[in-house]
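*Asks:*
Following this line, the structure appears as structure tokens:
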């Protein structure tokens, strides 16, 4: 599995756009990039997944540059309820046999 | 409603007393996993199963057992719990197909005294 590096924590204010960047320098050709969100005392929840360029859903956008060595999760206009830990995972579609969650990025949204 | 259920949600026990945490999913997923989450260490995979009767070790399997006799159930067994197994445990399931999303249960908070 490609190792990932994310900031440990970030602070933001309500209504702002938040961008969390994940570095994955040794990403392999078949690897996808997946982001999960975890609230305290709950299991992680899938947010978004992508392979290249840009992916957008109702929750977030995922930007992946051409070299795919990093990716950026973008949360538009965050609210207090977006306070959570965000995990970036990299692997091929069958890597689930051994998912590796790092410490993630703890996002705190302030009023 | 598609979901992964775990029971019990909270458990306090004593060292050496065998326990089982049940996990069940209603999505007909082939893949199921168990994780433990400890402060500062993120989620670490204990065991996973790719199908009925097929299980394999994750990153931290010592002290745990699992079984997969039915597709929907994946119980976690602690034969002789120790205090270092005090943790928050999550069960998860996935189809194995893209998008590669896992569905997590609500968690079981275990305290071993």
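Residue numbers (this note's numbering), protein chains in the order written: chain L, 1 to 111; chain F, 1001 to 1113.
Note that the Cβ used here is the ideal one computed from N, Cα and C, for glycine as well.
Going by the beta-carbon positions, is the gap between residue 1061 of chain F and residue 1047 of chain F smaller than 7 Å?
*Replies:* Result yes, Cβ atoms of residue 1061 of chain F and residue 1047 of chain F sit closer than 7 Å.
*Asks:* Do residue 66 of chain L and residue 38 of chain L count as a contact pair if the criterion is CB distance below 7 Å?
*Replies:* No, these two residues do not count as a Cβ contact at 7 Å.
*Asks:* Leaving out the 5 sequence neighbours to the left and right, which residues in its chain are closer than 6 Å to residue 160 of chain L when beta-carbon positions are compared?
*Replies:* This structure does not reach residue 160 of chain L, given that chain L is present from 1 up to 111, and the question cannot be answered.
*Asks:* Compute the beta-carbon to beta-carbon distance between residue 1105 of chain F and residue 1037 of chain F, rounded to the nearest angstrom, for a pair I have assumed lies under 8 Å.
*Replies:* With 8 Å as the limit, residue 1105 of chain F and residue 1037 of chain F do not qualify as a contact, their Cβ atoms being about 12 Å apart.
*Asks:* Note the first and the last residue of the continuous beta strand (DSSP E) segment covering residue 1004 of chain F.
*Replies:* Residues 1004-1007.
*Asks:* Based on Cα-Cα distance, which residue from F/1072, F/1102, F/1064, F/1093 lies nearest to residue 980 of chain F?
*Replies:* Here chain F covers residues 1001 to 1113 and nothing more, so residue 980 of chain F does not appear.
*Asks:* What would DSSP say about residue 25 of chain L, mapped onto helix, strand or coil?
*Replies:* DSSP places residue 25 of chain L in coil when its eight states are reduced to three.
*Asks:* Closer than 8 Å is the cut-off here; do at least three beta carbon pairs connect the segment 1008-1022 of chain F with the segment 1072-1091 of chain F?
*Replies:* Yes: at least three Cβ pairs fall under 8 Å.
*Asks:* Kindly indicate the opening and closing residues of the beta strand (DSSP E) around residue 1020 of chain F.
*Replies:* Residue 1020 of chain F -> beta strand (DSSP E) spans 1019-1025.
*Asks:* In the DSSP assignment, find the beta strand (DSSP E) that holds residue 74 of chain L and state where it starts and stops.
*Replies:* Run containing residue 74 of chain L: 70-75, per the beta strand (DSSP E) assignment.
*Asks:* Could you check the C-alpha separation between residue 1081 of chain F and residue 1014 of chain F for me, to the nearest Å?
*Replies:* Going from the Cα of residue 1081 of chain F to the Cα of residue 1014 of chain F covers about 7 Å.
*Asks:* Once the 5 residues before and after residue 68 of chain L are set aside, which same chain residues still bring their CB inside 7 Å of it?
*Replies:* Result list for residue 68 of chain L: 27, 52, in chain order.
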